[in-house]
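Student: Numbering (my numbering), first residue to last: 189 to 266.
Quick reminder that beta carbons are idealized off the backbone N, C-alpha and C, glycines included.
1) Going along the chain, which residues of its own chain have a beta-carbon closer than 7 angstroms to the beta-carbon of residue 254, five neighbours each way excluded?
2) Could you check whether the segment 238 to 250 touches the segment 258 to 265, counting it as contact only if at least three pairs of C-beta atoms, one from each stretch, sit closer than 8 angstroms?
3) How many angstroms separate the CA atom of residue 214 from the CA atom of residue 192?
4) Is the beta carbon of residue 252 sitting closer than 8 angstroms to the one on residue 233?
5) Since residue 235 and residue 241 are thought to touch, with beta carbons under 8 angstroms apart, how far apart are those beta carbons, to the nearest angstrom?
6) Nearest-angstrom Cα distance between residue 239 and residue 266?
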């Protein structure tokens, strides 16, 4: 499926495309925020600014990203 314009999609389209998928909108949102933290570094200020997160949530996501990055670095050293 291709987009004909760049505007937001409808609720119907989202439900239609995600029907039967394991991913929920909440899981997709959290995954996108974690990916941002992994790509741009675990900076809570950046996450709060980009996603409009409150301070505690941004810090939690940054800490999760930092732990994943540390695990990846440890595995590369082995």
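Tutor: Reading off the structure:
1) 230
2) No contact exists between the segment 238 to 250 and the segment 258 to 265.
3) A direct Cα-to-Cα measurement between residue 214 and residue 192 gives close to 26 angstroms.
4) no
5) The distance from the Cβ of residue 235 to that of residue 241 is about 6 angstroms, consistent with a contact at the 8 angstroms cut-off.
6) 35 angstroms
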